[in-house]
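Here is the structure we will look at, set down as structure tokens.
In my numbering, the protein residues as written are 6 to 952.
Below is the structure:
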């Protein structure tokens, strides 16, 4: 409910009264003669002496009510909670009729205002008379004005209510106090939206542009200018402010509004700001006084072409070109916009970064290789102090002469060969001379820099928030204190809640600490479940089931000290925590436990123990039915004949038996597979899917009668040969599409050749393919891909990332899904290359682009990217005549699709696209595997910490 809805028919200001210059000056509240009603946010108060409540007299309950209501008001949604709390103590609410003058141009101000509802006109006069004042802009909901009270300068304009309006008013002395205390938060939020002539600090000024605008950015600026002049010519016009005329300029907020209306690829105002910032960085768009980066505010900007007085209007031919190229231009800017927006944020002084700015920087830091080993706390600290640094010319000395003392640590984009590396850290940590000079090898290098003072402060803070548990002078558990809950909620608390996260430790101590932190209260289940899932998912890396199961049994009857009642209470809570962890663990692993004898024995033993205790402890009876259900289901499934194992044919029936729903492949399933000899004869073996190379050699030797000196070789269709290691597992599912396994003595390795059948098809299927509906094909592909994807267990990603051989587990389902990507990609290449007619190839290109579009529509990103990568394969992209004949409409579609594969900034374009999609969706699995591969550093870290 809005504040206005709480009114009970208040009286309002009469028309034409100048509030700030009323003859009866208001004292603590406002002039009684104006018959103002002030809504003190908690109750409606008429200005009678008996009932008027001064701000200092408000109770804590009143302040809480005000705070709760103001948080829902758009004008304050980005305010820091501490700042908003102070506003609740000193702010006044005013409800004004149409035509009320708040103050006049030239007056000395006494109040600052924020618009809660309605709108106000900003009027400027070039003479001393108020009669000829001209309206230069209108202030809407969420805008603020009146900062001139900070230095007692005269008002630059007259402000008149355009309609019935609601305002928040803060008196001068209170506003100055807020500004001094919260300037870092207010600077970005309370700048006057019409303040083109407000003097910006040196930090706000745009750095001198050293580079000449690139041709593509110049062209983009011309296209946008011509489009605006064709579709909304009123946006570019002369504008007046404070007795000065600014020629042919636009307003920042209007440019953002216009861009969002032109294309569906712009999803937010923040994205549009980044796109305009691209033009501003290259000098194709400029702030009229060169004082600001691009902002979504009432600030004036001018296109480069309009800097000249005789700038021509677009011709009809240019308008036509503009219509044809506008979407391509938008696409280009949307690709470059995120980086420009990031640079804009990083150029802000750390004290002026908003909460949203810090979150954007933090999200980017998650994808920088040099910072991957740092904790979340350190990354959030870095987000507040990182400085963007760029150098245009190669040969520039970034760090001083060899032997100079370190004053800064830099990390980020060093050069093309070392993107993500860092340097300068050792000299800062040890306060020692530099070991070398750092000189740029290439032009246009960008860095993220941390100054020495901030670097050392973060190190001190981390150590101060670290707790170490030692046994026999060795660290057995290291914890870091971090804020609990989300950052926004903690910012409103004077004493934010804290929690401890595990940084390192022995497996037993990590488990013990984890069990102690599990909260049993129903209200905290969601937060606890998230932590539980993390532990259950990752424990196999540092604590396999052979170690976890005995540890859980030891923790269940955990001994304790104290009185008998204290012992009973502690034991009961600990038992409930262990039961909850076991339930989550069993639910996560499911049928996979059937392949683990240790886990099955543990479940049965654990169930018996809980059942015995439940007879004496009533509190355990609530969890017993769920545990009983899970244990019985897993045990019965393991004993069922049809569940014992399946026998799979070579290639795992990827194209057969489509009438039955696909079932996940388990490690105990068996496979019939052909293993070829040097003379291209073969022997068929039957082994488990998870069989090691050693077991495969043994099976082949039994068939051949001799296995002395045999090796297993993986042969691709191109003739590439790889000798498999004896401990490699699940080798059948890792073969390429036309790959084969060969067995031969090591001395015959060089004589191996591919099979003729590995060369692939010689005739395409364009005749049948062109008869099928593109949408139906995409739909059927999505159904098939979903079945494959649905069979992939989360743990297969862990096994794949940290190495199957470390777990002796199969990743057959994941391997098949990854192979599916390659099948589609090479299918596209094969069909196009086998088509000999130019016109048919053009039709095939169109067909595949349509299928890709439908796959994207169905949120099947795996097939979508497989098709796009097939089209970008060099065998297809070199067909110049074919691409030349492709209609421009399809070229635009393909260009848009190709932009999503941009690998810069760790595939930011893809990450932004996925973030906007609602599940369920089929992800681009190769990229997901790559992202998980970056976390494999954890394996070495964990092993070092544990051992």
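Glycine included, every Cβ here is placed at the ideal spot set by N, Cα and C.
{"Item": "Which residues in the same chain have their Cβ closer than 8 Å to the Cβ of residue 280, if we skip the five residues on either side of it in sequence?", "Value": "264, 271, 335, 338, 339, 341, 342, 345"}
{"Item": "Quick test of the definition: if touching needs 3 or more C-beta pairs under 8 Å, does the segment 899-918 touch the segment 806-825?", "Value": "no"}
{"Item": "Considering only the beta carbon of each residue, do residue 303 and residue 142 sit closer than 8 Å?", "Value": "yes"}
{"Item": "Alpha carbon to alpha carbon, how far is residue 686 from residue 761? Give it in angstroms, no decimals.", "Value": "12 Å"}
{"Item": "Distance, Cα to Cα, residue 603 vs residue 553?", "Value": "10 Å"}
{"Item": "Rounded to the nearest angstrom, what separates residue 790 and residue 832 at their Cα positions?", "Value": "15 Å"}
{"Item": "Within a Cβ cutoff of 7 Å, which residues of the same chain sit near residue 672, ignoring the five residues on either side of it in sequence?", "Value": "600, 693, 694, 695, 814, 815"}
{"Item": "Would you mind giving the Cβ-Cβ distance between residue 830 and residue 857, rounded to the nearest angstrom? I have them listed as a contact below 8 Å.", "Value": "Their Cβ separation, rounded to whole angstroms, is 12 Å, which puts residue 830 and residue 857 out of contact at 8 Å."}
{"Item": "Any chance you could list the alpha helix (DSSP H) runs of at least 4 consecutive residues sitting entirely within the segment 860-930, in chain order?", "Value": "866-876, 879-882, 885-890, 893-904, 909-920"}
{"Item": "Exposed or buried, what is residue 197 when buried is set at 16 or more other beta-carbons lying within 10 Å of its beta-carbon?", "Value": "In this prediction, residue 197 scores a pLDDT of 41, lower than 50, which makes its location untrustworthy; the coordinate-derived value is nonetheless stated afterwards. With 16 or more Cβ atoms within 10 Å of its Cβ, residue 197 is classed as buried."}
{"Item": "Would you identify the three-state DSSP class for residue 711, choosing helix, strand or coil?", "Value": "coil"}
{"Item": "Can residue 222 and residue 289 be called in contact, C-beta distance under 8 Å?", "Value": "yes"}
{"Item": "What is the DSSP secondary structure of residue 578, reduced to helix, strand or coil?", "Value": "helix"}
{"Item": "Look at residue 382 and residue 487 and say whether their C-beta atoms are less than 8 Å apart.", "Value": "yes"}
{"Item": "Could you tell me which of 269, 226, 719 sits nearest to residue 735, measuring between CA atoms?", "Value": "719"}
{"Item": "According to the Cβ coordinates, are residue 247 and residue 129 closer than 8 Å?", "Value": "yes"}
{"Item": "With distance defined between alpha-carbon atoms, name the residue in 544, 520, 286, 799 nearest to residue 934.", "Value": "799"}
{"Item": "Identify whether residue 224 lies in helix, strand or coil by the three-state DSSP scheme.", "Value": "helix"}
{"Item": "Using 10 angstroms around the beta-carbon of residue 752, count the other beta-carbons present and answer buried if the total reaches 16, otherwise exposed.", "Value": "exposed"}
{"Item": "Around the Cβ of residue 865, are there at least 16 other Cβ atoms within 10 angstroms (buried) or fewer (exposed)?", "Value": "buried"}
{"Item": "Taking the CB atoms as reference points, tell me whether residue 124 and residue 145 lie closer together than 8 Å.", "Value": "yes"}
{"Item": "To the nearest whole angstrom, what separates the beta carbons of residue 243 and residue 251, a pair I think is in contact under 8 Å?", "Value": "7 Å"}
{"Item": "So residue 396 packs on residue 445, CB below 8 Å; how close in whole Å?", "Value": "6 Å"}
{"Item": "Residue 454 and residue 366: beta carbons closer than 8 Å?", "Value": "no"}
{"Item": "Which class does residue 840 belong to by DSSP, given the choice of helix, strand or coil?", "Value": "coil"}
{"Item": "Beta-carbon within less than 6 Å of residue 137's beta-carbon, same chain only, minus the 5 sequence neighbours each way: which residues are those?", "Value": "130"}
{"Item": "What's the call for residue 932, buried or exposed, on a 16-neighbour Cβ count within 10 Å?", "Value": "buried"}
{"Item": "Given 8 Å as the limit, is there contact between the segment 770-782 and the segment 741-758, that is, 3 or more CB pairs closer than that?", "Value": "no"}
{"Item": "Beta-carbon of residue 804 versus every beta-carbon of chain D: anything under 8 Å?", "Value": "The structure shown contains no chain D, having only a single protein chain."}
{"Item": "Spell out a yes or no on whether the segment 920-931 and the segment 368-384 are touching, meaning 3 or more CB-CB pairs, one atom from each, closer than 8 Å.", "Value": "no"}
{"Item": "Note down, in chain order, each residue of its chain lying with its Cβ closer than 6 Å to the Cβ of residue 179, except the 5 sequence neighbours on either side.", "Value": "95"}
{"Item": "Shortest alpha-carbon distance to residue 119 belongs to which of 722, 466, 86, 174?", "Value": "174"}
{"Item": "Smallest Cα separation from residue 878: which of 859, 861, 827?", "Value": "827"}
{"Item": "Under a three-way DSSP split, which group does residue 630 fall into?", "Value": "helix"}
{"Item": "Buried or exposed for residue 843, please, with buried defined as at least 16 other CB atoms from any protein chain shown within 10 angstroms of its CB.", "Value": "exposed"}
{"Item": "In terms of DSSP beta bridges, what is residue 691 paired with?", "Value": "677"}
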